[in-house]
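Undergrad: Numbering follows the numbering used here, with no gaps: position 144 of the sequence shown is 146.
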Amino acid sequence: VDCGVKRNIIREAQRYADVIRVPYDATSDEILAHKPDGVILSNGPGDPAHPEILATAVKAAKDLVGRTPLLGICLGHQLLALAFGGKTYKLKFGHRGGNQPVKDLRSGRVHITSQNHGFAVDADSLPSSEFEVTHLNLNDGTLEGMAHRELPIFSVQYHPEARPGPWDNEYIFRDFVAELKGA
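Quick look at the structure:
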């Protein structure tokens with residue numbers, strides 16, 4: 003779902019799968035008409051809680067839950083949180099540039115990530131019975147990644163396609179495709 007997607011997200015996804023782009027305001031039925039194996043909710047500008055975004059992209063994300071695997075990137079991460087009743091907030095200082103250390107809580111590894119966002123997901127607003135926090139920003143402790151405990155849904159706040167290190171975050175796309183093959 004193209005919410006303002008960076009070309010490199012499409013390029014990275016195309017390494018693993020065929021990609022069909024739909025606009026941010028596509029309905030879940032319009033998206034599912036393409037018979038996708040999974041859906042990536044892309045990055046994009048602006049306030050994720052803007053009324054137009056809530057009425058379109060968040061509604062579609064909510065309607066896709068349980069019907070296809072979902073991966074959220076940046077704004078897409080925020081849209082997934084909102085789809086599950088979570089909240090977002092404006093950061094005092096946005097995360098900008100390729101220098102944000104993020105800890106993957108599952109592996110214990112720290113990745114230097116590229117980010118460009120002014121909003122974040124309030125981790126305490128997520129239903130903990132449904133979501134696991136998977137990544138944290140080491141500079142300010144903000145939520146950088148989450149995974150649904152039962153459904154094939156996960157997301158990251160940073161840009162995994164823009165790896166400051168050689169392969170730091172390539173696993174995000176690889177894991178999503180593995181999830182598609184197992185779904």
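Ideal Cβ positions, reconstructed from N, Cα and C, are used throughout, including at glycine. Small disclaimer: the values here were computed from a predicted structure and weren't measured.
1. Alpha carbon to alpha carbon, how far is Gly40 from Ala15?
2. Can you find the residues in the same chain that come closer than 6 angstroms, C-beta to C-beta, to Ile22, ignoring five residues on each side of it along the sequence?
3. Please check the pair Thr70 and Pro38, which I expect to be a contact at CB under 8 angstroms, by giving their CB distance rounded to whole angstroms.
4. Please name the residue in Tyr91, Ala19, Gly68, Asp20 whose C-alpha comes closest to that of Gly48.
5. In whole angstroms, what is the alpha-carbon distance linking Asp187 and Ala63?
6. In terms of alpha-carbon separation, which member of Arg98, Tyr160, Phe133, Glu32 lies closest to Thr58?
7. Taking the alpha carbon of Glu146 as the reference point, which residue from Asn171, Glu152, Asp20 has its own alpha carbon closest?
8. Please identify the residue among Glu134, Gly78, Leu140 whose C-alpha is closest to the C-alpha of His150.
9. Roughly how far, in whole angstroms, is the beta-carbon of Phe121 from the beta-carbon of Pro53, given that I think they are within contact range, below 8 angstroms?
10. Please name the residue in Ser131, Arg98, Ile55, Asp126 whose C-alpha comes closest to that of Asn118.
11. Pull the bridge partners of Ile75 from the DSSP assignment, please.
12. How many Å lie between Leu140 and Ile114 at the Cα?
13. Can you tell which of Leu73, Asn45, Asp124 has the C-alpha that lies nearest to the C-alpha of Leu138?
14. Sorted by chain position, which residues of the same chain lie with C-beta nearer than 6 angstroms to Ile155's C-beta, five sequence neighbours on each side aside?
TA: Based on what the coordinates show:
1. In a straight line, the C-alpha of Gly40 is about 11 angstroms away from that of Ala15.
2. Within the same chain, and ignoring the five residues on either side of Ile22 in sequence, the residues whose Cβ sits closer than 6 angstroms to its Cβ are His36.
3. 6 angstroms between Cβ atoms; contact.
4. Among Tyr91, Ala19, Gly68, Asp20, the Cα nearest to that of Gly48 belongs to Tyr91.
5. Residue 187 is absent from the structure shown; the chain starts at 3 and stops at 185.
6. Relative to the Cα of Thr58, the nearest Cα in the group Arg98, Tyr160, Phe133, Glu32 belongs to Glu32.
7. Comparing Cα-Cα distances from Glu146 to each of Asn171, Glu152, Asp20, the minimum goes to Asn171.
8. Answer by Cα proximity: Glu134.
9. Between Phe121 and Pro53 the beta-carbon gap is near 15 angstroms, outside 8 angstroms, which marks them as no contact.
10. The option with the nearest alpha carbon to Asn118 is Arg98.
11. Looking at the DSSP assignment, Ile75 forms a beta bridge with Val158.
12. Straight-line Cα distance between these residues: approximately 10 angstroms.
13. Nearest neighbour of Leu138 by Cα position, chosen from Leu73, Asn45, Asp124, turns out to be Asp124.
14. Cβ neighbours of Ile155 within its own chain (closer than 6 angstroms, five residues either side excluded): Leu72.
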